[in-house]
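Student: So that we are looking at the same thing, I have put the structure below in structure tokens.
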Amino acid sequence: MLERYLTAASTYAHWIDYQFLLIAVLVGFWLIVAEGMMFWLIFKFRARDGRATQYITGEETHLKRWITIPHILVILCDIVIIVPAILVWYNIKQVMPPADETVRVIGQQWAWSFQQAGPDGVMDTADDIRTVGELHVKVNTTYHFELMSRDVVHSFAVPSFRLKQDALPGRTISGWFRPNRVGSYDIQCTQMCGIGHGLMAGRIIVETPQDHAAWLLHNSTPAVAGQQALPSPSTVGMDGLATMAEVRR
Amino acid sequence: MSASAKPIANARSGTGIPSARLITWWVIASEIVIFGGLLASYIMHRVAHPEWAESASHTLTWAGALNTFILLTSSLCAVLAHQAADSHDGPKAAKLLRLTALGGLIFLCVKGYEWTLDIREGFVLSSGGFWSFYYTLAGLHGLHVLAGMIIMLIVAADAAKNEELQRVECIGLYWHFVDIVWIFLFPLLYIAK
Amino acid sequence: MTTETHVDHTNYVKIWAILVALLIVSVLGSMSHVREIVLIAAFGVALVKAYLVAKNFMHINVEKRWVPYLLIVCLLFIAILFAGVAPDVLKHNGLHWSKNPADVLVPSAAGATKNE
Amino acid sequence: MHKFQKSALYRIASRSLRLPLALVIGGLALSGCRMGATDAATRGQEVFETCVPCHNSDGSGNAAVGAPNIAGMKAWYVEREVDKFRAGVRGMHFNDVEGMRMRPMVLSLASEEDVKAVAHYVETLPPVPHGSSFPGDPKAGAALYATCGACHGDTGAGNQDLGAPRIAGVDDWYLATELRKFRSGVRGTNPKDREGRLMRPMARTLANEDAIRNVVAYVETLKP
Amino acid sequence: MSTHVEHAEPGIFRKYFWSTDHKMIAMQYLFTGMAMALIGGYFAYVFRMQLGFPNQYVPGYGIVTPGRYNALVTMHGSIMIFWVAMPVLIAAFGNFLIPLMVGCDDMAFPRINRLSYQIFLLSVLVLLSSFLVKGGPFGGAWTAYPPLSAVGSYNLTPAGATLWLVAVALEFVAFLLGGINFTVTTMNSRAPGMKMYDIPLVIWMIVLASIIFMCSAGPLIAGAVMLLFDQTMSTGFFDPTRGGDPLLWQHLFWFFGHPEVYVVLLPAMGIVAEIIAVFARKKIFGYKTVLYTTWAVGFLSFVVWAHHQFVAGIDPRMANIFSITTLLISVPITEMVFLYIATLYGGSIHLDTPMLWALGFIAEFMVGGVTGIFLGSSGTDIYLHDTYFVIAHFHYTFVPIAIIAVYGGLTFWYPKMFGRMLNETLGKIHFWGTVIPFNVIFIPLFITGTAGDQRRVYSYALFAEQSRPALQHLRLTSTIALLVMLSFQLIFIFNFFWSLRNGKSAGANPWRSATLEWTVPSPPPHGNFAVMPTVYRGPYEYGLPGGADDYVPQNVPDQAFGDQNS
């Protein structure tokens, strides 16, 4: 259901989408029943001359069950919702499948920066690749991320992955994702982080293994090590305006 | 304020507890959550930071103990004042209330002396987690002592004229509550090191 | 308008004497080097003292029954707050999260330009 | 009685319905067109509101947030650097904390005209004097400045033809920070940053932190 | 101690600004709250314009910069919750109704009541003064998460942040005083004969709301002190580099913040209960059950707070507990709504304006309620957290509460407050002109939320997926609907003031209602009741078979009606 509005580009996106659909169906049903009941009653018992009001206290057993039975059904629906909800939560947030790669995601006012291991596959070495504003990942690879913040609370959100996790200063929070569709997707900050909050955009670029290897190689030659990775053309032209500025030069 | 000017609402007592005492209980209930929230925050941080014990060792246990003694004694005065008010002896109640307020004053003086020593040693509000909580907790408590004293003196002035004697009990209740808060602050800030 | 419900048999001075004795106990106990004794002297005694003050000075024993319940419910809410917050604030690490050392916000910002 | 009331009410109703409708239509019409400034100067002032939280309304900056004093900065330089930020040529380095704060704010400028307008507005701001934030030896710095003078001029007034901005009258902490950034490669390594790549080797001639402080102290003595 | 002379003719100052009369204090709260609503609505207009027409000049405001946008949404949120919903729903209706409906002459502590309003007014002034300081008003969201709110160089509005915090703290003190007074008055000062289950639901709910507020606000007051010290005295309570913890504030805030939802919901539910009973001419279906569900909601509201923090970095295992309690709270709320709907059964429903509002409340609130399930179940919240879905859900609960129910209450008690009837036709136009655009504002926001729009973003230009034209059209729809809705409020303002002079004279009991406030003249005189009433029955005795009229007021002795009554 959600995919009508936004691409699902990670393995667990569909779990959340199905959960959303389940809730939508169940509560939608009850919403329609309750609203329908209400409007029907308003119509049925509209004031008419010569018809007296019934005196009902709500203690009458034969009437009370009209409340009790739906109510029990609602509770059943609650259970039907909560169990898969917790399962989805458990599988996304509580257990982490073994990692193929690890990235470090650092939020700051008002940019995302990323650190990932270079060709040697080890983090915190000289050939680490550090990027700002865009993260390059391989498709069909399980990534663990370590999330932290340089200043205030940020929230690392990739809507297409159905991924969201706040970054707290003073903490390292881990999570995982496994992109399963090549493309380039938005990274948002969804926690108020100051005046640039609405401008704190980033891109996550899911590449085929070949493309990723090429990118990796290009950015981790010893000469560029320790320096920034080059922004790929797709992100420089992120807003269309930036490209304009370049063309003009 | 003469009794006749009060609304009828004030004189009714649907619960069997007079309105004045009832409102005091509610004030105490809401104070419990204020102090409770602060204390809970402190305890969590304190347990999470064993290294704060070093800071805590600089507090003056004797000053805290002395203050506990003073507050306990002033609580005794307050409850005796209530006893006097119950037997409609306004002037005696007023005298005891003033004594209670004096206890509060001594408490604040000791506190001031203690803080002066701390600050001289270089421990101020921003000197670290423990000190932040130390000054905030004791300061909030001290503010309650101060407010209690002021109200108590006003109540005592009325009580001396045998007016509004029911207030003696209410301010007493409040005072005992402030005392209880200190009973917990004392071990938390001075003993647990 | 004081209430008649209060029974004035309590010997307030006696209670006060007990309280002071307990205070001395807790101060003496705090000098011990055994952690358990210090904690009991500190908090066990404090609980007893608070109970004595509440019961005898605040007359909770003769107050309407719901008043102590009300106060206990308030305490209960604080306990709930504590229980809900402690897993995050009291602990240094948990499931998939850990607190960084106090002087480091971001561990690997090697060579970061520090602000003046 | 009912009928009479109803007709009176009808009038009131239709009359008061007209008002909100007119307001809606009017509001929509107004919001569609720019009712604001039309000339560049006023537009510049409006757009400058975006910069005010950090750089202050007089452009004096705020050292605590790493925002330099920009009052009176030349329009060509402001425009050029803003364009660099927009293109990701500046403010995209992993360690450029201040640059990463600046870049998104610059991206909020809606158009080229706005960039021009705000650059010109910045130039019109009267320069704001500032104090010095760290000690240094201007005498020792004078010798080091010879390298800088080639582009930035003996008085530090800058040279548009060489792309060198005015540096006299710029906050000392800012100069020092940027020199450090050039030295460490946080700034001036992007292949598209033509001027930055020229500046970087120059900054690397400064041997150490003391040299930075001294040369900045010398720049502080210059009158633009 | 000053002597307060009750029956001397007071001067203007004494009458309007220094009065201890509960009705005057209610009016003070009402008009202050409505004035703040205008300010909050104006902010909504400005930032919705920015979202609908990005970077355009907003008529009546100017350019919306990113910083100003944050300040606008922060102030809109804070004002609407703390300075509109709370004062109008609890303080204004509470002050006006409690003494009248429980049958006494004033609050138990009139001067505490006056002090409560004065502190509230002070908090308003402190808040408004933040618009004048350097940097402008606080822009760190109404939740004020530190370290953003604690450090001036992060939020860039150091003075505004402190003033905001002080204003909120003062406002809390005002409502603690007011709430304690409400509670004591209702507990102690009821008319003779009014037993626990004879108290009208609206009074019950206002009092329970006050109690929930009292029990939940404490930790946040403590937190506010800590945050204030962090801002001004450079302590580090919430600073991780100095042993503090930013999550602590979030917990303290939401421990208050979630019960706060019910603090404003309950009075609205109470108002709706009164209106439905009167206009359906029906006893509330299961009065006691409604009360039990209210208590359950009140208690449960204390154990759900961390569902606001599912992805905020709390330990993920805790989320399971809070997810379950959150869904648990839907049980009593559902029951309550079902009972309200059931009350319509067998009634004789008169669709006057107040009833329209009340039914509108139920219809709209249900949407807000069911969309909460999406957010309360932890799995889907990962995606929906902090998106426009939350905004839409929240407004589907809060607009019914703070706008629809308040209009219901105002139109219902207007005759009692001012002695004249509001114009019905204008009232109905206003109702439809508010409720229809309201849905048109927020239904699109549900969709943009599910499409991933994050909240508090001043422009989506930099987010490729969010700047799709389809989403921008939805935002524009929402903005236009807001303009329509706001402009229809002018009709209410006109009706309100026009009817003050020209409305039909109301008489004591225009709606033929059974509760005590309708037994006194409109507006009620000083001291309310000429003869203090005695209560003989519950508040909702409508539709009695065989009586002379179809309802029996609470204060009429049984024998006057023979023995048909229970």
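Same order as they appear, the protein sequences are chains B, F, S, V and A.
Going by our numbering, the letters in the first sequence line up with residues 1 to 249, in that order.
Going by our numbering, the letters in the second sequence line up with residues 1001 to 1193, in that order.
Going by our numbering, the letters in the third sequence line up with residues 2001 to 2116, in that order.
Going by our numbering, the letters in the fourth sequence line up with residues 3001 to 3224, in that order.
Going by our numbering, the letters in the fifth sequence line up with residues 4001 to 4566, in that order.
Glycine residues also receive a C-beta, built at the ideal position from the N, C-alpha and C atoms.
Indicate whether Pro4200(A) and Thr4519(A) have their beta-carbon atoms separated by less than 8 Å.
Tutor: Against a cut-off of 8 Å, the Cβ pair of Thr4519(A) and Pro4200(A) comes out as no contact.
Student: For Gln188(B) versus Pro159(B), is the C-beta distance shorter than 8 Å?
Tutor: yes
Student: Would Gly4379(A) and Val88(B) be called neighbours here (beta carbons separated by less than 8 Å)?
Tutor: yes
Student: Hey, could you find the ends of the beta strand (DSSP E) Met148(B) is sitting in?
Tutor: Note, Met148(B): beta strand (DSSP E), Tyr143 to Ser149.
Student: Whose CA, out of Cys3148(V), Pro3165(V), Lys3192(V) and Val3216(V), lies closest to the CA of Ala3176(V)?
Tutor: Val3216(V)
Student: Roughly how many whole angstroms lie between the Cα atoms of His3261(V) and Asp151(B)?
Tutor: Lying before the first or after the last residue shown, residue 3261(V) is absent from chain V, which here runs from 3001 to 3224.
Student: Please classify Ile1008(F): does DSSP put it in a helix, a strand, or coil?
Tutor: helix
Student: Can you give me the start and stop residues for the alpha helix (DSSP H) that Ile69(B) sits inside?
Tutor: Thr61 to Trp89
Student: Under the assumption that Val4272(A) contacts Ile4362(A) (Cβ atoms under 8 Å), give the Cβ distance between them as a whole number of angstroms.
Tutor: 7 Å
Student: Does DSSP put Pro4054(A) in a helix, a strand or coil?
Tutor: Of the three classes helix, strand and coil, the one that applies to Pro4054(A) here is coil, per DSSP.
Student: Find the nearest neighbour of Phe4446(A) within the set Ile4429(A), Arg4468(A) and Ile4391(A), judged by alpha-carbon distance.
Tutor: Ile4391(A)
Student: Quick one: does Met4226(A) have its CB under 8 Å from some CB of chain F?
Tutor: yes
Student: Kindly indicate which residue of Thr1059(F), Leu1097(F), Gly1037(F) and Pro1050(F) has the alpha-carbon position closest to the one of Leu2075(S).
Tutor: Gly1037(F)
Student: Does any residue of chain V have a CB that is nearer than 8 Å to the CB of Asn4320(A)?
Tutor: No - not a single Cβ of chain V is within 8 Å of the one on Asn4320(A).
Student: Between which two residues does the alpha helix (DSSP H) holding Ala1084(F) run?
Tutor: Thr1061 to Asp1086
Student: Can you check whether the C-beta of Leu22(B) is within less than 8 Å of a C-beta belonging to chain V?
Tutor: Chain V, which has no Cβ nearer than 8 Å to the Cβ of Leu22(B), makes this no.
Student: Just by C-beta distance, which residues in the segment 4141-4171 of chain A are closer than 7 Å to chain V?
Tutor: Ser4153 and Leu4156
Student: Using three-state DSSP, classify Glu1121(F) as helix, strand or coil.
Tutor: coil
Student: Is DSSP giving Glu2004(S) helix, strand or coil here?
Tutor: With a pLDDT of only 46 at Glu2004(S), under 50, the local geometry of the prediction cannot be trusted, and no value is derived from it.
Student: Whose C-beta lies closer than 7 Å to the C-beta of Gly3136(V) among residues of the same chain, with five residues either side of it excluded?
Tutor: Arg3213, Asn3214, Val3216 and Ala3217
Student: Within this structure, are the beta carbons of Phe4093(A) and Ile4206(A) separated by less than 8 Å?
Tutor: In terms of Cβ geometry, Phe4093(A) and Ile4206(A) form a close pair [threshold 8 Å].
Student: Quick one: is Trp2016(S) near chain F, going by C-beta distance under 8 Å?
Tutor: yes
Student: Going along chain A, which residues have a C-beta under 7 Å from Phe2057(S)?
Tutor: Neighbours of Phe2057(S) in chain A, taken as residues whose beta carbon is under 7 Å from its own, are absent, since the nearest beta carbon is some 22 Å off.
Student: For Thr1073(F), which residues from the same chain have a beta carbon less than 8 Å from its beta carbon, with the 5 sequence-adjacent residues on both sides left out?
Tutor: Gly1103
Student: Return no unless some Cβ of chain V is closer than 8 Å to the Cβ of Met1(B).
Tutor: no
Student: Should Ser184(B) go down as buried or exposed, given a rule of 16 or more other Cβ atoms within 10 Å for buried?
Tutor: buried
Student: Using a Cβ-Cβ cut-off of less than 8 Å, give me the residues of the segment 3046-3067 of chain V that come near chain A, in sequence order.
Tutor: Glu3046, Val3047, Glu3049, Thr3050, Val3052, Pro3053, Cys3054, Asn3062, Ala3064 and Val3065
Student: Please list the partners that Gly4313(A) has in chain S, where partner means a Cβ-to-Cβ separation under 9 Å.
Tutor: Gly4313(A) reaches chain S at Asp2088 and Trp2097, counting residues in chain order whose Cβ is nearer than 9 Å.
Student: Kindly indicate which three-state DSSP category Leu4344(A) falls into: helix, strand or coil?
Tutor: coil
Student: Evaluate Val4531(A) with the Cβ neighbour count: other Cβ atoms within 10 Å of its Cβ, from every protein chain shown; 16 or more gives buried, anything less gives exposed.
Tutor: exposed
Student: At a cut of 8 Å, does the segment 4100-4110 of chain A reach the segment 4485-4499 of chain A through at least three beta carbon pairs?
Tutor: no
Student: Can Met3164(V) and Glu3123(V) be called in contact, C-beta distance under 8 Å?
Tutor: A small correction: the amino acid at residue 3164(V) is Ala; Met does not occupy that position in the sequence shown. Taking 8 Å as the Cβ cut-off, Ala3164(V) and Glu3123(V) do not qualify as a contacting pair.
Student: Counting only runs that start and end within the segment 4384-4420 of chain A, where is the alpha helix (DSSP H) found for 4 or more residues in a row?
Tutor: 4388-4398 and 4406-4418
Student: In the DSSP assignment, the beta strand (DSSP E) including Gly3099(V) goes from what residue to what residue?
Tutor: It is not in any beta strand (DSSP E) - Gly3099(V) instead sits in the alpha helix (DSSP H) that spans Val3097 to Leu3107.
Student: For Val4278(A) and Asp4198(A), what's the separation of their Cα atoms in angstroms?
Tutor: 16 Å
Student: Should Leu210(B) go down as buried or exposed, given a rule of 16 or more other Cβ atoms within 10 Å for buried?
Tutor: According to the sequence shown, residue 210(B) is Gln rather than Leu. Exposed, since its Cβ has fewer than 16 Cβ neighbours within 10 Å.
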